[in-house]
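S.K.:
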Amino acid sequence: VNDACVILGKPNVYGSIFRFEGQASVFNHAGGPHYRDLYPEPPPPGVVPGCAEGGVLGVLPGIIGVIQATETLKLLAGLGTSLSGRLLLYDALEMSFRELKLRRDPNRQPITELIDYEQFCGVPALTAAAAEETAMDEPFDRISVTDFKARWDAGWRPYMLDVRKAHEIDIVRLPMGDRVHPHETVDQIAGELPTDREIVLVCRSGRRSATAAAVLAAAGLQKLYNLEGGVLAWAEQIDPSLPTY
Numbered sequence: 001v002n003d004a005c006v007i008l009g010k011p012n013v014y015g016s017i018f019r020f021e022g023q024a025s026v027f028n029h030a031g032g033p034h035y036r037d038l039y040p041e042p043p044p045p046g047v048v049p050g051c052a053e054g055g056v057l058g059v060l061p062g063i064i065g066v067i068q069a070t071e072t073l074k075l076l077a078g079l080g081t082s083l084s085g086r087l088l089l090y091d092a093l094e095m096s097f098r099e100l101k102l103r104r105d106p107n108r109q110p111i112t113e114l115i116d117y118e119q120f121c122g123v124p125a126l127t128a129a130a131a132e133e134t135a136m137d138e139p140f141d142r143i144s145v146t147d148f149k150a151r152w153d154a155g156w157r158p159y160m161l162d163v164r165k166a167h168e169i170d171i172v173r174l175p176m177g178d179r180v181h182p183h184e185t186v187d188q189i190a191g192e193l194p195t196d197r198e199i200v201l202v203c204r205s206g207r208r209s210a211t212a213a214a215v216l217a218a219a220g221l222q223k224l225y226n227l228e229g230g231v232l233a234w235a236e237q238i239d240p241s242l243p244t245y
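What follows is the structure, encoded as structure tokens:
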């Protein structure tokens with residue numbers, strides 16, 4: 001939807017729901033940010049649960065839907081201030097609203113055509129055998145958040161590199177961390193990273209950090225780990241008090 005709106009020059013009145021939380025914004029309006037400024041890439045296949053698995057509070061679609069309808073009417077009538085440049089977060093359990101500022105990514109790639117979104121976003125998870133075969137070809141190791149936490153509690157202190165963007169760090173970050181640098185240009189800091197410590201890379205869901213780990217491996221770095229599931233898995237399995245996005 002976002003890509004079609006960008007190509008056609010139309011605003012995207014956005015809403016999403018999951019369990020007890022919802023989000024709303026207006027993308028691609030009056031020069032403001034669009035969806036890919038917030039989420040440049042989809043999470044790896046199989047990471048995001050469907051409604052049958054994760055569930056959603058029955059009234060939540062109505063709440064977020066009414067916000068979307070309000071924003072749509074405001075745009076049509078030219079009234080008020082839209083949610084463009086802002087992400088509204090709703091927590092039904094706390095009955096609270098929070099607002100985050102959004103900005104355009106100066107390095108974002110232009111969108112000129114639609115792609116195969118089923119292939120891009122909806123490929124099913126690998127079978128165990130295929131995943132094992134793929135992992136054998138990777139120049140880095142994968143580590144789950146539970147294994148990482150157990151090793152950290154036992155005294156393991158790797159170098160932590162968060163490859164998300166600045167606005168994502170403002171939303172949530174892990175309690176441990178040494179450096180933040182976007183994954184697109186991680187090759188530029190390869191020479192500045194320690195060679196005497198193991199390096200764990202983290203992002204929102206584990207996809208961008210895996211890409212960054214492969215880039216650093218190609219630059220000659222070793223002892224690299226990708227934190228599987230990223231901060232989303234950490235919030236779900238280790239510390240549910242952390243906000244998600």
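Taking the working numbering, the leading residue of the sequence shown gets 1, the next gets one more, and so forth.
Even glycine gets a Cβ: it sits at the ideal position worked out from N, Cα and C.
What you are looking at is a predicted structure, and each value in this text was computed from that prediction instead of being measured.
Count the other C-beta atoms from every protein chain shown that fall within 10 angstroms of the C-beta of residue 1, then say buried if there are 16 or more, exposed otherwise.
M.R.: Exposed is the call here.
S.K.: Helix, strand or coil: how does DSSP classify residue 20 here?
M.R.: Residue 20: coil per DSSP, three-state reduction.
S.K.: Starting from residue 102, follow its DSSP beta bridges and name the residues at the other end.
M.R.: According to DSSP, which records beta bridges pairwise, residue 102 is partnered with nothing at all.
S.K.: Is it true that the segment 219 to 234 meets the segment 171 to 180, where meeting means three or more beta-carbon pairs spaced less than 8 Å apart?
M.R.: Yes: the two stretches touch, three or more of their Cβ pairs being nearer than 8 Å.
S.K.: Can you find the residues in the same chain that come closer than 6 Å, C-beta to C-beta, to residue 203, ignoring five residues on each side of it along the sequence?
M.R.: So the qualifying residues of the chain are 163, 164, 209 and 230.
S.K.: State yes or no: is the C-beta of residue 83 within less than 8 Å of the C-beta of residue 30?
M.R.: No, the pair does not count as a contact, with Cβ atoms beyond the cut-off.
S.K.: Helix, strand or coil, according to DSSP, for residue 147 in the structure here?
M.R.: Helix.
S.K.: Are the segment 195 to 202 and the segment 212 to 229 in contact at 8 Å, needing three or more beta carbon pairs?
M.R.: Taking 8 Å as the limit for Cβ pairs, the verdict is that the segment 212 to 229 does touch the segment 195 to 202.
S.K.: Under 8 Å between the Cβ atoms of residue 20 and residue 93?
M.R.: The answer is yes: Cβ separation under 8 Å.
S.K.: Taking Cβ to Cβ, would you say residue 26 is nearer than 8 Å to residue 6?
M.R.: Their beta carbons are not under 8 Å apart, which means residue 26 does not touch residue 6 by this criterion.
S.K.: Using the Cβ count rule (16 or more neighbours within 10 Å means buried), how would you classify residue 55?
M.R.: Classification for residue 55: exposed.
S.K.: Quick one: what does DSSP say residue 6 is sitting in, helix, strand or coil?
M.R.: Note: residue 6 maps to helix in three-state DSSP.
S.K.: Assign residue 38 to one of three DSSP states: helix, strand, or coil.
M.R.: Residue 38: helix per DSSP, three-state reduction.
S.K.: Which residue or residues does DSSP assign as beta-bridge partners of residue 254?
M.R.: No answer is possible for residue 254: it lies beyond the span of the chain, which begins at 1 and ends at 245.
S.K.: Give the C-beta separation of residue 90 and residue 64 to the nearest angstrom, bearing in mind that I take them to be a contact with Cβ-Cβ under 8 Å.
M.R.: About 7 Å separates the two Cβ atoms, so the contact holds.
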